[in-house]
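K.L.:
Take a look at the following structure, please.
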Amino acid sequence: MTTTCPVCSTGQLLAGADEQYWRCSHCSTEVARCLTPRPAEEYDLIEWYGHRWEFDLVAQAIPDGSRVLELGCGEGYFCKALLTKSVTYQGVDFNEEAILSAQAKIHKAGTTFLSRLEDAIAPSDTLCAFHVIEHIAQPQTVLRELIHKHQISKMYISVPSPIRATVRAAVREHWDNPPHHLYRFSEHGLREMMGRLGFRRTMTAFEPLRCEEVSAIAQARLPSWLPRRQACARTLTRWLGRIPASKRPRLGQAMLMGFEKASSSDQARG
């Protein structure tokens with residue numbers, strides 16, 4: 066089978082090293098062979114909610130007066146990072162228990178949590194989606210509809226980093242497989258997809274390597290015959306822990322990209 070990549074709309078989907086995915090010949094994004102998402106009710110059991118590295122970075126970049134729409138808001142951890150800002154915020158998540166938790170914890174005026182995307186009031190100018198679009202069967206279609214309805218002019222999107230240390234060490238996490246992740250976005254692919262939606266990239270950032278990732282790699286890759294294998298793994302983890310996060314290699318879990326609506330001249334050059 067070969068067909069046009071749904072991400073970049075340029076390359077062909079070809080068989081790759083992972084039998085569960087096709088790989089684009091142009092942008093290197095991996096697309097699940099079966100694009101059926103995991104049932105919504107199962108996310109209640111497996112989804113992780115907590116503070117992410119991206120939240121503070123994006124919160125600093127969003128100016129006062131913005132109207133923010135967040136897809137997959139969970140229990141409101143990104144909203145917490147915005148509490149010092151004068152913004153209007155709408156968070157959407159189909160996990161109703163997570164929405165109830167967010168509503169119970171955050172009571173700032175101008176903040177709304179919703180379990181149905183169609184209930185979000187337009188317009189919003191800034192769209193945030195952290196580790197969301199890789200779960201959606203047709204992310205380009207969903208984003209295009211939101212851009213049109215809400216008059217979005219800026220976006221911040223994070224996905225699992227294609228250069229993260231665990232992937233480089235061939236220790237792929239259990240959650241990075243279908244039906245949980247339907248796409249494994251490359252930097253090139255995400256940039257091209259957004260370009261086709263009329264947006265240009267404004268920033269790219271990669272999460273620093275975390276101690277627990279080094280520990281996972283060491284546990285998986287150190288040979289079983291190595292004397293004091295567990296002690297070696299702990300030593301590697303402690304060594305990384307002494308390095309400030311700002312100085313660590315950009316080989317952590319997340320790739321964050323910022324976009325803004327392209328001008329007519331930008332689109333003509335693209």
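Following the numbering used here, the numbering of the sequence shown begins with 66 at its first residue and continues without gaps. All residues carry an ideal CB built from backbone N, CA and C; glycine is no exception.
#1: Output the boundary residues of the alpha helix (DSSP H) element that contains Thr-300.
#2: Here's the rule I'm using: 16 or more other beta-carbon atoms within 10 Å means buried, otherwise exposed. How should Met-338 be labelled?
#3: Tell me, please, which residues DSSP counts as bridged to Trp-87.
#4: Output needed for His-253: all residues of its chain with C-beta closer than 6 Å, excluding positions within five of it in sequence on either side, in chain order.
#5: Quick one: grab the DSSP three-state call for Lys-219.
#6: Over the uninterrupted beta strand (DSSP E) stretch that includes Gly-323, give me the two end residues.
#7: Measuring alpha carbon to alpha carbon, tell me which residue in Ala-163, Gly-130, Val-123 is nearest Ala-146.
#8: Put Val-133 into one of helix, strand or coil per three-state DSSP.
#9: At 4 residues or longer, and completely inside the segment 228-313: list those alpha helix (DSSP H) runs for me, N to C.
#10: I need the straight-line Cα distance from Pro-309 to Gly-81, nearest angstrom please.
#11: To which residues of the same chain is Asp-158 closer than 6 Å at the C-beta, ignoring the five residues directly before and after it?
#12: Between which two residues does the alpha helix (DSSP H) harbouring Phe-159 extend?
#13: Suppose you measure from the CA of Gln-85 to the CA of Cys-99; what does that come to, to the nearest Å?
#14: Take every Cβ of the segment 231-243, pair it with every Cβ of the segment 298-308, and state whether three or more of those distances are shorter than 8 Å.
#15: In the DSSP assignment, find the unbroken beta strand (DSSP E) run with Ala-194 in it and report its ends.
#16: By Cβ distance below 7 Å, which residues in the same chain neighbour Ala-230 in space, the five residues on each side in sequence not counted?
#17: Taking all protein chains shown into account, decide if Ser-189 is buried (16 or more other Cβ within 10 angstroms of its Cβ) or exposed.
#18: Please report the Cβ distance between Leu-134 and Gln-205, rounded to the nearest whole angstrom; I am assuming they are in contact, meaning their Cβ atoms lie under 8 Å.
#19: Going by the CB atoms, is the gap between Pro-225 and Glu-199 shorter than 8 Å?
#20: Quick test of your reading: Lys-170 and Gly-141, contact by CB under 8 Å. State the CB separation rounded to the nearest angstrom.
#21: Please list the terminal residues of the continuous beta strand (DSSP E) segment that includes Leu-316.
#22: Would you mind sorting Pro-314 into buried or exposed? The rule is 16 or more other CB atoms within 10 Å of its CB.
#23: Provide the residue(s) that pair with Val-224 in DSSP beta bridges, ordered along the chain.
#24: Please confirm whether any heavy atom of the ligand MG lies closer than 7 Å to the CB of Val-133.
P.N.:
Looking at the atomic coordinates:
#1: 294-306 is the extent of the alpha helix (DSSP H) around Thr-300.
#2: There is no way to answer for residue 338, as the model of the chain reaches only from 66 to 335.
#3: For Trp-87, which the question treats as bridged, DSSP gives the partners Ala-80, Val-96.
#4: These residues qualify, in order along the chain: Cys-92.
#5: If DSSP states are grouped into helix, strand and coil, Lys-219 belongs with the strands.
#6: Note, Gly-323: beta strand (DSSP E), 319-326.
#7: Ranking Ala-163, Gly-130, Val-123 by CA distance to the CA of Ala-146 puts Val-123 first.
#8: Looking at Val-133 - three-state DSSP - the assignment turns out to be strand.
#9: Qualifying alpha helix (DSSP H) stretches, in chain order: 230-233, 252-261, 276-286, 294-306.
#10: In a straight line, the C-alpha of Pro-309 is about 37 Å away from that of Gly-81.
#11: Only Gly-137, Cys-138, Gly-139, Ile-164 meet the Cβ criterion.
#12: Element bounds for Phe-159: n/a, residue is neither H nor E.
#13: Approximately 8 Å between the Cα atoms of the pair.
#14: In short, these stretches do not touch, since the Cβ pair count stays below three.
#15: Ala-194 -> beta strand (DSSP E) spans 191-195.
#16: Excluding positions up to five away in sequence, the list reads Leu-274, Glu-278, Ile-282, Leu-316.
#17: Classification of Ser-189: buried, given that the 10 Å Cβ count is 16 or more.
#18: The beta carbons of Leu-134 and Gln-205 sit about 17 Å from each other, so the pair does not count as a contact at 8 Å.
#19: Result yes, Cβ atoms of Glu-199 and Pro-225 sit closer than 8 Å.
#20: 6 Å between Cβ atoms; contact.
#21: Segment: none, Leu-316 is in no beta strand (DSSP E) and carries neither H nor E.
#22: When all chains shown are included, Pro-314 counts as exposed.
#23: In the DSSP assignment, Val-224 forms a beta bridge with Met-320.
#24: Ligands displayed in this structure: none; no statement on the ligand MG is therefore possible.
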